[in-house]
Amino acid sequence: MEFLRILGALSHGALNTLSLALASMALGLAGGTALVLARQIAGPRGSSVLRKGVYAVQSVPSLVLIFMAMFGLPRIGILLPPFLTVVLCLGLIASAYIGEVLRGALESIDRAQREAGLSLGLSPRRVFWSVLMPQMWRLAVPGLINEFTSVLKATPFAYVAGVPEILKEAQTLTAVTSRGLPVYAAAALLFFALYLGCHLLFHALYRRFHLPGFEET
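The numbering used here numbers the first residue of the sequence shown as 8 and each following residue consecutively.
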């Protein structure tokens, strides 16, 4: 019974954790898609600059970026709620990785399909949006599932910003009850439940939209 009460006490943190992960992933999808589109129109030099920017973002740990945002944004007059600050940081990092996932998926598509679309009289833009983009998303699904897992596992860093996610709530509850082991065991169980639920949902969607024989080569 005590363990169930602990789970109940941490449930609000679990909802915040899920909200953080979903919001950060949504921002990452938008940013990653924008990166792919930018590379299509930037040319070789522009693509090189974008690639270096992606590497720079990927090299910064999530926790360090959150601290930089917490202390840096107010100095330039930008005051954001802690939740939004964390979402922006995790979403920025997710954008860099998702952009690479989408780029890899796009480059894996046979170039003959682009040439076939052009030979049928389609414009390069129409070929990209109607022929290449749908295939890119299908091929990218496994990588996107893995990236969501990474985002979910990065959400505990939000505790440094004061966001009451699972870890922050567990720390508070431990300070009140002095029962660290059951509290953190419950926190681990909630993370597992969130991971398993999202994993099953995403794989169900993947099976729903997957075409047999349509695999990245």
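Even for Gly, the Cβ is constructed at its ideal location relative to N, Cα and C.
Should Val167 and Phe74 be called a contact, given that it needs their Cβ atoms to be closer than 8 Å?
-> Yes.
Leu139 beta carbon less than 8 Å from that of Arg118
Against a cut-off of 8 Å, the Cβ pair of Leu139 and Arg118 comes out as no contact.
Quiz prompt | Candidates Leu34, Leu11, Ala194: closest to Ile100 by CA position | solution = Of the residues Leu34, Leu11, Ala194, the one whose Cα lies closest to the Cα of Ile100 is Leu34.
For Glu9 and Val197, the rounded distance between their alpha carbons
Looking at the sequence itself, residue 197 is Leu, so the reference to Val does not match. Whole-angstrom Cα-Cα distance: 15 Å.
Item to complete: Please list, in chain order, all residues of the same chain as Ala194 whose beta carbon is under 7 Å from its beta carbon, the five residues on each side excluded.
Response: Around Ala194: Leu17, Ile173, Leu174, Ala177.
For the structure I just gave you, are there three or more beta carbon pairs, one from the stretch 23-33 and one from the stretch 145-165, closer than 8 Å? yes
In the structure shown, what three-state DSSP assignment does Ile100 receive? helix
Quiz item: Between His19 and Pro171, which are expected to be in contact by the criterion C-beta below 8 Å, what is the C-beta distance as a whole number of angstroms?
Solution: 7 Å
*Hey, how far is the Cα of Leu87 from the Cα of Gly98?*
15 Å
Next on the checklist: How far does the alpha helix (DSSP H) with Trp144 in it extend, from its first residue to its last?
Outcome noted: Here the alpha helix (DSSP H) through Trp144 covers 140-161.
Check: In terms of alpha-carbon separation, which member of Gly15, Ile13, Thr24 lies closest to Ala161?
Finding: Thr24
### Query
Which of the three DSSP states, helix, strand or coil, is assigned to Glu176?
helix
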